[in-house]
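*Asks:*
There are 2 protein chains.
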Amino acid sequence: MFAGGYWGKILRVNLTTKTFTIEDLPEQVALDFLGGMGFAVNILYNELKPKIDPLSPENKLVVFPGPFTGTNIPCSSRIAFGAKSPQTGTLGVALSGGHFPAEFKFTGFDGLIVEGKSEKPCYILIRDGKVTFRSAKRMWGSTTSDCQIMIKNDLNDHNVRIACIGPAGENMSRMAAIINERRAAGRKGLGAVMGSKNLKAIVVRGNQEVPVANKDSLKTARLSMAKSMKDSPVLYPQFSKLGTAMVVDHLSAMGMFPSNNWKDTGTNSFEDYIGVAKQEELNVGKEHCYGCPVGCTQQIRVNKGPRTGVIGEPEYESFYSLGSTTGIKDVGEIAASDRLCDELGLDTISAGVCVGFAMELAEKGLLDPKLIEGLDLRFGNADAQYELIRRMAFREGIGDLFADGTKEAARRLGGDAWKYAIHVKGLELPAYDGRGAMAHALNYATAFTGADHNRGYAIQEIFGVPVPYPVDRDTIEGKGKLTKWNQDIGTGACDCPTTCAFMLTIAMPGTITESTAALASALTGLKFTSNDIWTIGERVNNLAKAFNSREGFGREDDTLPWRLMNEALQAGLSKGGIITQKMLDAMLDEYYTERGWDLKTSRPTKEKLQALGLDKAAKELWS
Amino acid sequence: MFAGGYWGKILRVNLTTKTFTIEDLPEQVALDFLGGMGFAVNILYNELKPKIDPLSPENKLVVFPGPFTGTNIPCSSRIAFGAKSPQTGTLGVALSGGHFPAEFKFTGFDGLIVEGKSEKPCYILIRDGKVTFRSAKRMWGSTTSDCQIMIKNDLNDHNVRIACIGPAGENMSRMAAIINERRAAGRKGLGAVMGSKNLKAIVVRGNQEVPVANKDSLKTARLSMAKSMKDSPVLYPQFSKLGTAMVVDHLSAMGMFPSNNWKDTGTNSFEDYIGVAKQEELNVGKEHCYGCPVGCTQQIRVNKGPRTGVIGEPEYESFYSLGSTTGIKDVGEIAASDRLCDELGLDTISAGVCVGFAMELAEKGLLDPKLIEGLDLRFGNADAQYELIRRMAFREGIGDLFADGTKEAARRLGGDAWKYAIHVKGLELPAYDGRGAMAHALNYATAFTGADHNRGYAIQEIFGVPVPYPVDRDTIEGKGKLTKWNQDIGTGACDCPTTCAFMLTIAMPGTITESTAALASALTGLKFTSNDIWTIGERVNNLAKAFNSREGFGREDDTLPWRLMNEALQAGLSKGGIITQKMLDAMLDEYYTERGWDLKTSRPTKEKLQALGLDKAAKELWS
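Top line first, the protein sequences correspond to chains R and H.
Convert by adding 10 to the 1-based position in the first sequence; the result is the number in my numbering.
Convert by adding 10 to the 1-based position in the second sequence; the result is the number in my numbering.
(1) For histidine 298(R), which of Ala413(R), Phe110(R), Lys491(R) and Pro77(R) has the nearest alpha-carbon?
(2) Would you check if the distance between the CB atom of arginine 192(H) and the CB atom of aspartate 414(H) is smaller than 7 Å?
(3) Around the C-beta of tyrosine 330(R), are 16 or more other C-beta atoms found within 10 angstroms, so that it is buried, or is it exposed?
(4) What number of angstroms, rounded off, separates the C-alpha of glutamine 38(R) from the C-alpha of glycine 15(R)?
(5) Nearest by alpha-carbon distance to alanine 50(R): which of Cys506(R), Ile134(R) and Asp348(R) is it?
(6) Quick check on tyrosine 330(R): does DSSP put it in helix, strand or coil?
(7) Short of 7 Å in beta carbon distance, which residues of its chain neighbour glutamine 580(R), apart from the five on each side in sequence? Order them along the chain.
(8) Within the 7 Å Cβ cut-off, does glycine 322(R) reach chain H?
(9) Do valine 170(R) and leucine 122(R) have their beta-carbon atoms positioned less than 7 Å apart in this structure?
(10) Is glutamate 471(R) buried or exposed, if buried means 16 or more other CB atoms sit within 10 Å of its CB?
(11) For the stretch 386–401 of chain H, enumerate the residues whose C-beta is nearer than 8 Å to any C-beta of chain R, in chain order.
(12) Lysine 555(R): buried (16+ other C-beta within 10 angstroms of its C-beta) or exposed?
(13) If you measure between the beta carbons of isoleucine 516(H) and phenylalanine 249(H), is that distance less than 7 Å?
(14) For the putative contact between alanine 635(R) and proline 324(R), defined by C-beta atoms under 8 Å, what is the C-beta separation to the nearest angstrom?
(15) Serine 525(H) and methionine 235(H) - do their beta-carbons sit closer together than 7 Å?
(16) State the DSSP-derived secondary structure class of tryptophan 544(R), mapped to helix, strand or coil.
(17) Which runs of the alpha helix (DSSP H) at least 4 residues long sit entirely within the stretch 517–600 of chain H? Give them in chain order.
(18) Hey, quick one: how far does the beta strand (DSSP E) through asparagine 190(R) stretch, first residue to last?
(19) So the candidates are Val477(H), Thr508(H) and Lys314(H); which of them puts its Cα closest to the Cα of phenylalanine 91(H)?
(20) Between proline 674(R) and asparagine 69(R), what straight-line distance do the alpha-carbon atoms span, to the nearest angstrom?
(21) Straight-line CA distance for methionine 518(H) to serine 540(H)?
(22) Give a yes or no on whether the minimum CB-CB distance between aspartate 156(H) and chain R is below 7 Å.
(23) Which residues, in order along the stretch 168–194 of chain H, keep a beta-carbon less than 7 Å from a beta-carbon of chain R?
(24) Which whole runs of the alpha helix (DSSP H) in the stretch 40–82 of chain H are 4 residues long or more, in chain order?
(25) Here's the rule: buried if 16 or more other CB atoms are within 10 angstroms of the residue's CB, otherwise exposed. What is aspartate 568(R)?
(26) Restricting to Cα atoms, I'd like to know which of Ala194(H), Leu135(H) and Leu25(H) is closest to lysine 127(H).
(27) Ends of the beta strand (DSSP E) at tyrosine 246(R)?
(28) Are the beta-carbon atoms of arginine 401(H) and glycine 390(H) separated by less than 7 Å?
(29) Could you work out which residue in Asp498(R), Leu583(R) and Glu397(R) is closest to tyrosine 601(R) when comparing CA atoms only?
(30) Counting only C-beta atoms, is valine 294(R) closer than 7 Å to chain H at any point?
(31) Rounding to the nearest angstrom, what Cα-Cα distance links leucine 376(R) and leucine 381(H) in this structure?
(32) Can you name the residues of chain R whose CB is closer than 8 Å to the CB of phenylalanine 404(H)?
(33) Is the shortest distance between the beta-carbon of arginine 137(H) and the beta-carbons of chain R less than 7 Å?
(34) Is DSSP giving glutamate 471(H) helix, strand or coil here?
(35) Looking at chain H, is there any beta carbon in it that lies within less than 7 Å of the beta carbon of glycine 151(R)?
(36) Name, please, each residue of chain H whose Cβ falls closer than 8 Å to the Cβ of arginine 311(R).
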């Protein structure tokens, strides 16, 4: 059916009956949603019944690479996992890199829809065109590393690639991630969805070459993209060598690197202990995703203390969540906690923010001393962090209280605890203090997945990139328009094709929609313009928002943590920063207006939905 | 040159110069030593200068599979590692199973001799007929699991098989093991030899089929062996399901399962806590070595406490060394410590016995309180065991004192500590209390590698197997002859061909030399009789003993730990058991006489050596 980029085949499996069907991918879906996150949102909107329990068999886990995945387009080994999020109740999508995405595509499928619930632990094997269900009885309870080794041995095949859950996913922690090798589709608790289905892993191996419609055009477009990457003053000279952690010092200098559960942002001198130099001291090498010439993953090995020898791969975000926000200053300890999260299958951001939250609650005397059970929950205590992470994954004692994230823990604790819970819609905040950068704050409030830096990252506020125009980070004017711009370009040009978000943020922020359109056209033989890529991004964000609206999310849910709206930054270059309700409302008004959404309910208007061809959503929301 | 079983090629690499040569395997060596341990002993005797420091570049690490390795003969994926042992100063050989041995053979080599010392950390890659040296800078400091993953990623080849060291080997702990996947060539500190050479790993991959001289004869001999295995009342019905741990209850019932550093053997009721039932409760599956229909490795996953989720593969010996001799009663904790030893690259037997030794010293007040540094070194404290193991591997504080084994620790401590050090020639004792079984005691005293249950295991005393004749375990008469029998058959029929020792001890104790001769003849096209297999076993043991004699080992070194000779067993079915010097001397006299060795010096006589064709040794020892 398709000339290139797609196989035209979607695999739908039912875990209850252990059956599967292979469905045709409609060309119109390819044109409207491109792939990856777009396909995920389309299926979830159209197939999930409203108001289902995300951990019930009625939820579906969808897995979609994009047309670029598995080709020789650089940095395209990305894949979107999606489901109704057990952490936020919104539509939940998380993308992951590594080798799994490309290998998935080599199986000859464009996507996977997992329905129902297996009676017993199992894994899905998609190999050489065959689909089988195998027992995961043996792997159930294992760390993600052990699980992957056990599956390889079980199959006597070391070339499979595996996306799996750890004990956290099995125990349905709403912060559970899906791990392939050491890469994570970390956020929104999609690992818990796998756990709820008794699905330990998805295992893929294939040898089919992704078809290309026009090889000459693809080569031209690909070389053009490679040149943009090469010309970037940051991508190879800095990012390739230092990874995302290169941003730590910068954000710290800006007074926006959150510390001690966001109460002390701007007061600490992070250059002293988690700067680039310290990372380099412990660095033992880097890893590349399939087909990536950059290799941003930096490996750090602990060189002292009880976790000596452990290797972690902490990103910028983990330096924050397992470092600054819990007061841990030792890079090795951050790496060790990062590894533990990967092994147990916990999202590092949410897990770390939970630890910081617990530490502040303990400091304020808001936790039952009996519950703390000898844990010395002080900011900066790496041993306590390590042990609390473990208990969360296994739901042991106090771990059970925090296993579902800060929102749920605050709900169970009652009282004032909610004030210190750093989340939006249940998703813990990433490492940019929105009090110093207004588009960041607005994006946290409005991203359809909750506080998610991967949905509409405002690079303009952080690095002064003047695209589409220069902005001041501390002003609210224009941030509605900018946030829409960032959300749509990220969706259309990265999360749908799929390519790595760093192409957008670091290598080619201004030109990526052109590049994406050229690549997609050459690859598929369909016609995509730069404008189409923009529209796809907008369409996906509207349909995802419609999903959330249908679930009951309204304007009042597009908000921010109490702390950001009530406690100003006390020191540093962003001193005094705060986002009052009035400021937020002004930004929301602009944002909704730009989006063509209803100011009162925040719902996409009927006209907007119809203009995007989303007639079903228009009907469901406005009839 | 050879019709089958051998490639006729030995690879000799020099790490100092990063060069290699390929040498012909002389046919006479194949006839005289068969392969595996035989080849290792032959090379080490002939090529090592006497009295060298085992951790100097002058030592050589040799790696020898046998003619059976990599063929379809069941249970033949075994390989011998050898060097002058840094732990004992004797000739040191340790065998390992897994997939590495077969894969080694598939490279087209019959063996590897590693000389010199690399300036920087490196690994040797033998793949597709090519030999290369690669940097191990990145892997240095890593656990064995991480190291193996890093090397696979480094090569972008997941089908290589890897034998490597952990931090313990790098830090030249004299108890360091060589690990492939989770299999260990555990004993005699050969991991430290790799560490001393800056050699992190040996990596192999090949696709050559081992040649067979006479396929029809091989099939006949192989089916005959398979039938013997099938007919065994123990091998499949019990051993395959329970692994070596099935012996725990038996030895415990006999009052011979050593507990609390051998001071309380016979007093504990081990059925209560480390019996088969408890193991089965936590069992999550089993692993097979290449081509093994049995699969004795049982995986146990911790289900409570701080190490929940960790998978270990404790053998019978680890149930002792990391369990009964340190007073640990929790099977999960034993498994966790076992895993830690594998990850850090420590021999589980020696490491555990060291921990028990440390616990007794602490109990007796023989350790400097400052040195214990907050470790609560009580028998039964799993946390202390776990942490002490870690410190030994990294030589941290008290860990450095015990990192080289009980003998060296006792030497450094002085005073009475030596009395509680449970070793022979520096090698810690395995899990059969010789006070209840005299051939075991004699074997510990005389095995050329120190106290080693793999050299002359007296199955007759444990399971009443009447081969070659019935014996009483508590009598000394006839034990000299029996020990020679056991040592020679184990060497000739298992460690040289190579096949798994369990074929000898469990499946076919009385017939294995016939089987081995038939298989070896069919495979190689050379002529081997059952008697030849016996002679090969005898020759190897004599040449190894000659090595030790040349190093200065005499009759006085063929001894036992003070405790076994001075403290009788106080309870249980072996109550009263002890081995006095007089008893030991009587057994040694019989043993040396049976062996044709000089009673005074314990040296093999000139006549014996000459009769075995070991003229060089005859000349060196007696001129």
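Where is the CB? At the ideal position from N, CA and C, for every residue including glycine.
*Replies:* Taking the coordinates as given:
(1) Nearest C-alpha to histidine 298(R): Phe110(R).
(2) No, Cβ-Cβ distance for arginine 192(H) and aspartate 414(H) is not below 7 Å.
(3) Under this definition tyrosine 330(R) is a buried residue.
(4) Answer to the nearest angstrom: the Cα atoms are 14 Å apart.
(5) Ranked by Cα distance from alanine 50(R), the first of Cys506(R), Ile134(R) and Asp348(R) is Cys506(R).
(6) Three-state result, tyrosine 330(R): helix.
(7) The beta carbon of glutamine 580(R) lies closer than 7 Å to those of Gly276 and Thr277 in the same chain, with the five residues before and after it left out.
(8) Taking a beta-carbon distance threshold of 7 Å, glycine 322(R) does not count as an interface residue toward chain H.
(9) No, they are not a contact pair.
(10) Counting of Cβ neighbours within 10 angstroms places glutamate 471(R) among the buried residues, the total reaching 16 or more.
(11) For the stretch 386–401 of chain H, which is checked against every Cβ of chain R, the residues closer than 8 Å are Glu397 and Arg400.
(12) That one is buried.
(13) Cβ distance < 7 Å, so isoleucine 516(H) and phenylalanine 249(H) count as in contact.
(14) Because chain R is modelled from 11 through 633, residue 635(R) falls outside the range shown and cannot be assessed.
(15) Contact flag set, yes.
(16) In this structure, tryptophan 544(R) counts as helix in the three-state DSSP scheme.
(17) DSSP assignment within the stretch 517–600 of chain H yields the following whole alpha helix (DSSP H) runs of 4 residues or more, N-terminal first: 522–534, 540–561 and 572–576.
(18) From DSSP, the beta strand (DSSP E) with asparagine 190(R) extends over 188–190.
(19) Checked all of Val477(H), Thr508(H) and Lys314(H); the closest Cα to phenylalanine 91(H) is Thr508(H).
(20) Any question about residue 674(R) goes unanswered here, given that chain R covers just 11 to 633.
(21) Cα to Cα, the separation comes out at about 14 Å.
(22) Chain R, which has a Cβ nearer than 7 Å to the Cβ of aspartate 156(H), makes this yes.
(23) Per Cβ criterion, the list reads His168, Asn169 and Pro177.
(24) Entirely contained in the stretch 40–82 of chain H, the alpha helix (DSSP H) runs reaching 4 residues are, in chain order, 46–57.
(25) A residue is called buried once 16 or more other Cβ atoms fall within 10 Å of its Cβ, and aspartate 568(R) is buried on that count.
(26) Comparing alpha-carbon positions, the option among Ala194(H), Leu135(H) and Leu25(H) lying closest to lysine 127(H) turns out to be Leu25(H).
(27) No residue range can be given for tyrosine 246(R), since it is assigned to no beta strand (DSSP E) and is classified by DSSP as neither H nor E.
(28) Using a Cβ distance threshold of 7 Å, arginine 401(H) and glycine 390(H) do not count as a contacting pair.
(29) Selected option, being the one with the closest Cα: Asp498(R).
(30) For valine 294(R), the answer is yes, since a Cβ of chain H falls inside 7 Å of its Cβ.
(31) A direct Cα-Cα distance of roughly 39 Å separates leucine 376(R) from leucine 381(H).
(32) Those are Thr318 and Gly319, listed as they occur along chain R.
(33) For arginine 137(H), the closest Cβ of chain R is not nearer than 7 Å.
(34) In this structure, DSSP gives glutamate 471(H) a helical state, which the three-state scheme calls helix.
(35) The C-beta of glycine 151(R) comes closer than 7 Å to at least one C-beta of chain H.
(36) Residues of chain H passing the Cβ test: Gly151 and Ser152.
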